[in-house]
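Novice:
Laid out in C-alpha cells, this is it:
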C-alpha cells in the first residue's frame with residue numbers, strides 16, 4: 001500500500017498544488033483508506049504486545065498527521081527534504097561535542 005502512494009507522488013512531483021491535490025483526492029485517499037483498514041484488521045489478529053502491533057497502534061493514533069499531505073497539494077508525502085537539511089547540524093553537534101575540551 002505504501003509503495004503505491006509513493007508511485008502516485010512520483011507521477012505528480014512537478015505538478016501545481018491544485019493538480020497534486022486532485023490526484024491525491026482521487027487516488028491516494030483510496031490507498032490510505034485501504035492501508036488503515038489493513039492495520040485495523042491486522043491488529044485484531046496479532047498479539048497485542050508484539051512490536052508489529054505497537055507499530056500499527058502508533059500509526060493509527062497519528063493517522064491524521066500521517067495523512068494530512070493528502071488534503072493539501074503543497075505538502076510532500078515525506079519529510080526527507082527537511083531531514084536532509086538538518087542532518088549537517090545534527091552530525092556537527094555530535095562531532096563538536098568535545099571540541100576544545
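Numbering (UniProt numbering), first residue to last: 1 to 101.
We put the beta carbon where it would ideally sit given N, CA and C, even for glycine.
1) Does the Cβ of residue 65 have 16 or more other Cβ atoms within 10 Å, making it buried, or fewer, making it exposed?
2) So for residue 75, helix, strand or coil by DSSP?
3) Rounding to the nearest angstrom, what Cα-Cα distance links residue 43 and residue 58 in this structure?
4) Reducing DSSP to helix, strand and coil, say where residue 48 ends up.
5) Output yes or no for whether 8 angstroms exceeds the beta carbon distance between residue 61 and residue 32.
6) Look at the alpha carbon of residue 25 and the alpha carbon of residue 77, and state the distance between them as a whole number of angstroms.
7) I'd like to know if the stretch 43 to 55 and the stretch 82 to 95 are in contact, where contact means that at least 3 CB-CB pairs between them fall below 8 angstroms.
8) Find out if the Cβ-Cβ distance for the pair residue 82, residue 29 is shorter than 8 angstroms.
9) For a test of the three-state rule: what should DSSP assign to residue 1, helix, strand or coil?
Specialist: Taking the coordinates as given:
1) On the chain shown, residue 65 is found 65 positions in, with the first residue counted as 1. Result: exposed.
2) As a position in the chain shown, residue 75 is number 75, starting the count at 1. Residue 75: coil per DSSP, three-state reduction.
3) The residue labelled residue 43 in the question sits at position 43 within the chain shown. The residue labelled residue 58 in the question sits at position 58 within the chain shown. C-alpha separation (whole angstroms): 11 angstroms.
4) Along the chain shown, one-based indexing puts residue 48 at 48. Three-state result, residue 48: coil.
5) Translated into the one-based positions of the chain shown, residue 61 becomes position 61. Translated into the one-based positions of the chain shown, residue 32 becomes position 32. No, these two residues do not count as a Cβ contact at 8 angstroms.
6) The residue given as residue 25 occupies position 25 in the chain shown. The residue given as residue 77 occupies position 77 in the chain shown. Rounded to the nearest angstrom, the two C-alpha atoms are 13 angstroms apart.
7) no
8) To locate residue 82, count along the chain shown from 1; it is residue 82. To locate residue 29, count along the chain shown from 1; it is residue 29. The answer is no: Cβ separation not under 8 angstroms.
9) The residue given as residue 1 occupies position 1 in the chain shown. The answer is coil: DSSP assigns residue 1 none of H, G, I, E or B.
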